[in-house]
Amino acid sequence: MMKLEFSSVGPFIKLNWIDIQWAVNFGLIDERFAIQFAESRIQSGSYSEEEISLALQEFENESNITALLVTLASSTLPDTGFDSKRKWLFIALSYLFNHRSAYSDVFSCIEEVYADFDYPACMDEFVPYMPPKDGYDPTSHSLEENRSRLLMKWENYLNQEKETLTSLGKQSG
7 MMKLEFSSVG PFIKLNWIDI QWAVNFGLID ERFAIQFAES RIQSGSYSEE
57 EISLALQEFE NESNITALLV TLASSTLPDT GFDSKRKWLF IALSYLFNHR
107 SAYSDVFSCI EEVYADFDYP ACMDEFVPYM PPKDGYDPTS HSLEENRSRL
157 LMKWENYLNQ EKETLTSLGK QSG
């Protein structure tokens with residue numbers, strides 16, 4: 007499973023402590039990400055004592071970090087509209103899309119994300135081994151044409167999710 011860095015999250019994505027705890031438990035981010043998230047909350051001027059405590063933790067002090075994450079997540083109201091898994095799926099797929107040239111076979115990475123996130127239906131259109139649902143016949147096209155089509159479907163998914171995330175962020179604050 008890929009590990010995401012704090013810098014890989016776009017500014018339009020509104021994360022909360024429930025999202026952070028979910029991603030740490032899922033193995034998508036490590037505790038360092040949680041510490042950086044606490045630091046960003048402090049820099050924004052909106053923070054709690056627990057966030058200050060978390061920001062001051064040493065990365066090696068995993069049990070304290072875990073306890074603080076539990077406290078912070080339990081005192082956070084869940085978002086409406088986008089659950090943590092959906093947010094992190096979008097973040098992971100955006101990261102891969104934006105850095106696809108760094109991978110020798112980005113489509114195998116797509117397949118890995120598809121499996122890691124328990125085969126979400128929203129990815130079916132751009133997972134290479136999934137049959138097309140729109141009548142498209144891959145055998146009538148070159149490998150390059152098929153890959154271009156998958157990239158287009160992937161980009162369309164990201165654009166739609168980004169639009170939804172952005173509009174939800176505007177509604178909630």
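If you count by my numbering, then the sequence shown holds residues 7 to 179, one letter each, in order.
Glycine is no exception: its CB is placed at the ideal position from the N, C-alpha and C atoms.
What is the DSSP secondary structure of proline 144, counted as helix, strand or coil?
-> helix
Proximity below 8 angstroms, CB of lysine 159 to CB of phenylalanine 132 = yes
Valine 133, DSSP secondary structure in three states | coil
Return the first residue and the last residue of the alpha helix (DSSP H) that asparagine 31 is part of.
-> 23-32
Helix, strand or coil for isoleucine 35, going by three-state DSSP, please let me know.
-> coil
Can you say whether glutamine 166 is buried or exposed, counting buried as having 16 or more other CB atoms within 10 angstroms of its CB?
-> exposed
Alanine 98 vs leucine 10 beta-carbon contact at 8 angstroms = yes
Can the beta-carbon of phenylalanine 113 be found closer than 8 angstroms to that of glutamate 161?
-> no
Evaluate contact between the region 52-61 and the region 115-129, counting only Cβ atoms and requiring at least three cross-stretch pairs below 8 angstroms.
-> no
Separation of leucine 21 from aspartate 89, as counted between CA atoms = 10 angstroms
Between methionine 7 and the rest of its own chain, which residues show a CB-CB distance below 6 angstroms, the 5 nearest in sequence each way excluded?
-> Gly33 and Asp122
First through last residue of the alpha helix (DSSP H) which encompasses leucine 95 | 90-104
May I have the straight-line CA-CA distance separating threonine 182 from methionine 136, to the nearest angstrom?
-> Beyond the ends of the chain as shown, which are 7 and 179, falls residue 182; an answer cannot be given.
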